[in-house]
Structures are given as structure tokens and as C-alpha cells.
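Numbering (the UniProt record's numbering), first residue to last: 1 to 305.
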């Protein structure tokens, strides 16, 4: 199977993270600039449910009362602004419209602003030390739909950004891979299994064993396994795991090729996250240039700029 994406990936993004000054206080953030040249691999679709709800800019801040965003969708919690005015129905309709816009464009990746009562996923308050009532309304919808979710704040970290890009590439590739029989399923798993083992070793080992004893498979089972792999890929890695698995994959390459590379430092060597991210990118390019897959980052994006 081809393991290089050659088209730009469609990505939904909270409009305030795209640089638009649409936050409650009339401010915005340009998180996309952190991608540098890599931003050319994506097509961004900015939207703001709170603006679509007609709440205006600037506006009185809103918050979830009586539960989480999921509770709002179930009708057991409400959304009110600081003046006590209820805006529940307006915001639900705006979030539903936003979700349909994304789905109509075939988008299943979304970059959100944490702390928002609409787009937040793990925090819905403006104060970092308080979680609020997560997820937000739109965040809950995106979770329910199985979107690949990216916290925009993480784009400021070089190593987190590298982790996001490689997982977005893998997620997109798996989502769209042609899998119609057991052999194609095996091939997909073989390509991404090292990445999956890094992200969730327990689930991946169990899945690998289950796949190894399959004799036949139905279409619905294929989609079940695809969904399981996608769920694993959605999980962010850690610095320790990234360094450890980079060394494992490099060691495997070195053993089979008999080639030492001076661009790779040992896991115990100290270096900044910026240097580590550069090291990983150089290793990707080097190995793919030799036609050798890098297990930590099995899918590359080479969209035309």
C-alpha cells in the first residue's frame, strides 16, 4: 500500500485559533503559524459556533450551568451568559449547523480552543486551574462523532506538534484506506502497528493477537477493527514514549541495514524538545529517502505546495 499522502488534509478549526478576532473579548490567536511550512499540508475551515449563534463580538461570556455540554444536549443543563440570559437553543442550533458543515466537506479533524464552553473538550472555563463542566457543547458533538481532536495550545510545542502531525497523517490514511478483505486489514495493521504500540501498548498487543488468529472476516468486522485502530491513533503520546520508540525503530533499521546514523541520539541524551523534533523529522526524511518505513511515523504527507 502507498504510505505517502499526496493531497492536502481538510481540518476544521475554531476561528479564534486561526487569527480571527472573534473571542468574547474581541481577541484571537494565530496558532496555525506554529506549523511553519507544514501548514501547506492542510486546508483550514475556520468556524465559531458562538458567532453563528448571533452572540456578537465582543460579547458577554457564557458558561454551562447544571452539568456538561453533553448534559446540555440531553436537555438537563443550560447555557447562560453572565447577565443570567439563557442562550441554550441558539448555541445548540449553531453547533449542529457547524457540525453539518464539517461533515458535508468530509472533515473529521478539528483543532479546538480549550477553555471554551462551546469548543472546549477537557476544560470549559477561562481559568486554567478550573475545569468547569467539560466537554463544551460543540466539543461533546465532536467527541460523539469520533473526530480527531487537536488542542490548539499544543501546537506551540515542537514535539507535541510533531506528534499531532504524524497522528493526523496516520488517522487520515487509515480512515480512507481501502480495506475489503483480511489481507488488506493485515497490511494496514502491519504499517501502523509500531505507532499503535507506542500510543497504547496494551490495546495494540491485544488487537494484534486477535488479528493473527482470524481466518475470515465480514465487512462489519473490518469496520470494527478500523474504528479500534482509529481510536488508538487519536491518543497523544508522551515525551518518554516518543524518545523510546524512536530509538527502537532506529535500532531495528540499524540492525537490518548495518548503517549508523549520526542524526540520532540515545534516549538518555539530554536535548530540548525543539532539537528532538528536528531529529525525528531528519530521521523520517532519511529513512523514507531510502524506501524504508519509519515505524514511529509510518505515513508521510507530501502534498504539493
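Here a beta-carbon is modelled for each residue, glycine too, at the ideal position from N, C-alpha and C.
What you are looking at is a predicted structure, and each value in this text was computed from that prediction instead of being measured.
So does the stretch 256 to 267 actually touch the stretch 178 to 185, counting three or more Cβ pairs closer than 8 Å? no
Straight-line Cα distance separating residue 281 from residue 145: The count along the chain shown starts at 1 and reaches residue 145 at position 145. The count along the chain shown starts at 1 and reaches residue 281 at position 281. Straight-line Cα distance between these residues: approximately 31 Å.
If residue 46 and residue 18 are in contact, beta carbons under 8 Å, what's the gap, nearest whole angstrom? Mapped onto the chain shown, residue 46 falls at position 46. Mapped onto the chain shown, residue 18 falls at position 18. Rounded, the Cβ-Cβ distance is 4 Å, consistent with contact.
Could you give the distance in angstroms between the alpha-carbon of residue 49 and the alpha-carbon of residue 98? Against the chain shown, residue 49 aligns to sequence position 49. Against the chain shown, residue 98 aligns to sequence position 98. So the alpha carbons of these two residues sit roughly 6 Å apart.
Which value, in whole angstroms, describes the spacing of the CA atoms of residue 188 and residue 26? The count along the chain shown starts at 1 and reaches residue 188 at position 188. The count along the chain shown starts at 1 and reaches residue 26 at position 26. Going from the Cα of residue 188 to the Cα of residue 26 covers about 46 Å.
Are the CB atoms of residue 24 and residue 60 nearer to each other than 9 Å? On the chain shown, position 24 is the one that residue 24 refers to. On the chain shown, position 60 is the one that residue 60 refers to. In this structure, residue 60 lies closer than 9 Å to residue 24 by Cβ.
Taking contact to mean at least 3 C-beta pairs separated by less than 8 Å, is the stretch 226 to 241 in contact with the stretch 160 to 175? yes
Beta carbon of residue 110 nearer than 9 Å to that of residue 148: By 1-based counting over the chain shown, the position of residue 110 is 110. By 1-based counting over the chain shown, the position of residue 148 is 148. It is a contact, given that the beta carbons lie within the stated cut-off.
Since residue 14 is in the beta strand (DSSP E), which residue starts that stretch and which ends it? Against the chain shown, residue 14 aligns to sequence position 14. Its beta strand (DSSP E) spans residues 9 to 14.
By the 10 Å Cβ neighbour count, where 16 or more other Cβ atoms means buried, how is residue 167 classified, buried or exposed? In the chain shown, counting from the first residue as 1, residue 167 sits at position 167. Answer is buried; the Cβ neighbour count reaches 16.
Tell me whether residue 55 is buried or exposed, calling it buried when 16 or more other Cβ atoms sit within 10 Å of its Cβ. For the purposes of this step, residue 55 is identified with residue 55 of the chain shown, where counting begins at 1. Residue 55 should be labelled buried.
In terms of residue numbering, what span does the beta strand (DSSP E) encompassing residue 110 cover? Looking up residue 110 in the chain shown gives position 110. That run of the beta strand (DSSP E) goes 109 to 112.
Whole angstroms is fine: what's the gap from residue 272's alpha carbon to residue 216's? Looking up residue 272 in the chain shown gives position 272. Looking up residue 216 in the chain shown gives position 216. Cα to Cα, the separation comes out at about 48 Å.
Count the other CB atoms within 10 Å of the CB of residue 287; is the residue buried (16 or more) or exposed (fewer)? Numbered from its first residue, the chain shown carries residue 287 at position 287. Per the 10 Å Cβ criterion, buried.
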